[in-house]
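Input: a single structure, listed below in structure tokens.
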């Protein structure tokens, strides 16, 4: 009730505001009359930010005022205005190619998209993770953690939620890459990104109504309409893994409006090492490529984009055990069962993943009306998972999935009104999954066809000089038509005959051939506000409803997931998730200090979770069994971030995140909730010393005290007798604190070229630790100390 009352007061708050007699207002646009959201307007101690339709308002004293207008990627305007009474100041900004390669280390003014809680990672931050992954980079944002399988498979976790609840939009295309798997990292190269954003609220509805956690948007660098050629090459070397990566990109723009770009990455790493032993079979290879071609005209434009991602990822050898005794010993003894010498070889168990993405986009702008966009995209994802097999099947994958996705969307965005902005869209998706039966192993995920259609609308309204309101809705239709073989023993064990006898279409001795078909109708919506309390303090608030249909893994999983060494069992009875989230945020920004505090409450009915329930012995070994089930969940928490320039060249940066997850029915804790984490960093910067940056960061992760008790007892053979033994599969590891060092210097070489050299140390003291959200924590410690060197050439 308190949250409801607070929202009511926010939405109908008093708008009887008192203004000074000298109000300067106007609109910030590009040379093509496109509104610029988030442009900074400074006038002495006075400050304003343009809204999504480009308008702003700032109170100024009488007399001559110096006004500076700036926006990333555009030339800054610095002008004098003699203010005698209210005035209108409309400014067109010109694109600035030099700004695109500038190193933007930190922006203290928290970016927003209308009322959305939006966080951004700029190009300088992303380049530090050139040899890493998207999941690693996103940990820079408060409230975002990572779910890992080893050190190379990293999935983002937003406010305790992950996988299908986190939408990843790569170059305006929703990434479809078997993302349901807990150990399926996003199949994209972070080096293609010019900016990465995490957003929540109504603005995310244009990408999908199932973004219960949020949306991660990967955007390329903008290309200017001018004759220019520039690029960069980044070389990375790492001591832990004894390898590195190289990434290079080239951008070309023409005054006529045409542009093109090329990008490629190669990564080669061997086994990584914990402080006390080698983590055998944890090497990593990547070969990635992308290319783009586009045209920007006065009122229309089009573009084509292609990317190819190819990765071979080793899975910890010790995570696959031969019998129940080995598994129990691995979990309980705290030392891996397999430790080999360092090698660059990647053997089974391993993953081989290829992802192709192609996109065609066309837009047309209409004077004094808006912008219409058409887009078609095709994706093909091929996933091979190799188990430890013998004989003729030694080099044959145990899982071979090919997922093809065709998607189309049409968006219409209006810009004719000074006080309101609307965006509408429709989308359609056809998806086909093929599980190759030539593997000789019954597929974990069956063949299926999936059809989706969606429609959305978003409105942004200026409710006065200080208050903005944004509301949106979305409807999604989804239909899954699958062909699935069930062992009759498993069918009977799960009592499916009582509810699903009508889907049986064939009898194959020990198996039923079935044709499950599921149809879902989902409604989602959001309403939010942004209130400018004063020039330095903003208040955001959002109430949203989201719904998500069960994914194929949750419905149909039935067997060994080879890359994790665990048996997963789906449930045909699963219902769609329905989430109601209330969040608010206070953001303060001044010349030397900035902070944001963001509490939230998320109530999710029929929340789907995956929990261990026991062990199962097969002809390939002993594996833990994990079952999907649903509960009514309550998740609440708080994210905090702060920046403080406490001396001329010294900056302090801090992030804090806490998530409380509970099964409302049993009052037990939810599994896999991120522990409390608190990061603190001090940086020294000296521009006159070749842009020297020195940083020391503390990463403090507390012990997770709240967890469900899923421990179980099995009979383990000891000296010829079976002894009941507790398998402590639930117990979280102890908390830990790591220190990291970073440094960077830049040197001008030739005209318009520079070299940046970085040296970093992760886990300075080689601390032994295990992360609660690492799927291999049952068997080994996490990675130890790592020295890295980065050379970056901008030209």
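Residue numbers (the numbering used here): 54 to 848.
All C-beta atoms in this analysis are idealised placements derived from N, C-alpha and C, irrespective of residue type, glycine included.
For residue 621, same chain residues with a beta-carbon under 6 Å away, outside a window of 5 residues either side, are 610, 614 and 679 in chain order. For residue 595, the enclosing beta strand (DSSP E) covers residues 590–601. Put simply, the stretch 205–220 does not touch the stretch 468–478. Fewer than three CB pairs are less than 8 Å apart. The beta strand (DSSP E) runs lying completely inside the stretch 192–240 and spanning 3 residues or more are 197–202, 206–211 and 219–223, given in chain order. A Cβ-Cβ distance of about 7 Å is found for the pair residue 339 and residue 363, placing them in contact under the 8 Å criterion. The stretch 480–495 makes no contact with the stretch 572–589: fewer than 3 CB pairs, one atom from each, lie closer than 8 Å. Separation of residue 174 and residue 848 (C-alpha to C-alpha, rounded to the nearest whole angstrom) is 22 Å. Taken atom to atom, the span from the alpha-carbon of residue 412 to that of residue 358 is near 5 Å. Between residue 627 and the set 651, 639, 571 and 668, the nearest pair of CA atoms involves 571. Within the stretch 477–556, complete alpha helix (DSSP H) segments of at least 4 residues are found at 541–546 and 550–553, given in chain order.
Assignment of residue 370 by DSSP, reduced to helix, strand and coil, places it in the helix class. In this structure, residue 784 lies near residue 760, with their beta-carbon atoms less than 9 Å apart. Shortest Cα-Cα distance from residue 240 to any of 408, 697, 289 and 399 involves 408. Check the Cα spacing between residue 318 and each of 309, 329 and 344: the tightest is with 344. Contiguous alpha helix (DSSP H) elements confined to the stretch 376–448 occur at 377–386, taking only those with 4 or more residues.
Rounded to whole angstroms, the Cβ separation of residue 458 and residue 403 is 25 Å, and the two are not in contact under 8 Å. Counted as a single uninterrupted DSSP element, the stretch harbouring residue 609 is not any beta strand (DSSP E) but the alpha helix (DSSP H) occupying residues 605–609. Of the residues 725, 598 and 585, the one whose Cα lies closest to the Cα of residue 528 is 598. Taken in chain order, the complete beta strand (DSSP E) segments of 3 residues or longer contained in the stretch 293–319 are 296–306.
Nearest to residue 138 by C-alpha distance, out of 78, 104 and 94, is 78.
The DSSP-derived three-state label of residue 717 is coil. Residue 245 carries a helical assignment under DSSP once its states are collapsed to helix, strand and coil. Exclusion of the five residues before and after residue 96 leaves 111, 113, 118, 119 and 120 as the residues of its chain whose Cβ lies within less than 7 Å of its Cβ. Annotation for residue 282: no alpha helix (DSSP H) segment contains it, though the beta strand (DSSP E) segment containing it runs 281–291.
In the structure shown, the three-state DSSP call for residue 113 is coil. Per DSSP, residue 817 has no beta-bridge partner at all. Shown here, residue 189 sits in a helix according to DSSP, grouped into three states. In this structure the stretch 393–403 lies against the stretch 327–337, because at least three pairs of beta carbons, one per stretch, are closer than 8 Å.
Counted as a single uninterrupted DSSP element, the stretch harbouring residue 125 is not any beta strand (DSSP E), since DSSP gives it neither H nor E.
In the three-state reduction of the DSSP assignment, residue 257 falls in the helix class. Non-local beta-carbon contacts of residue 432 in its own chain, meaning distances under 6 Å to residues more than five positions away in sequence, involve 229, 410 and 458 in chain order.
Residue 405 holds the alpha-carbon nearest to the alpha-carbon of residue 238 among 392, 405 and 400. Following the DSSP letters along the chain, one finds residue 178 inside the alpha helix (DSSP H) bounded by residues 176–180. Our two residues, residue 584 and residue 515, have alpha carbons roughly 10 Å apart in a direct line. Classified as buried, residue 706 has 16 or more neighbouring CB atoms from the shown chains inside 10 Å of its CB.
Residue 734: member of the beta strand (DSSP E) spanning 730–739, first to last residue.
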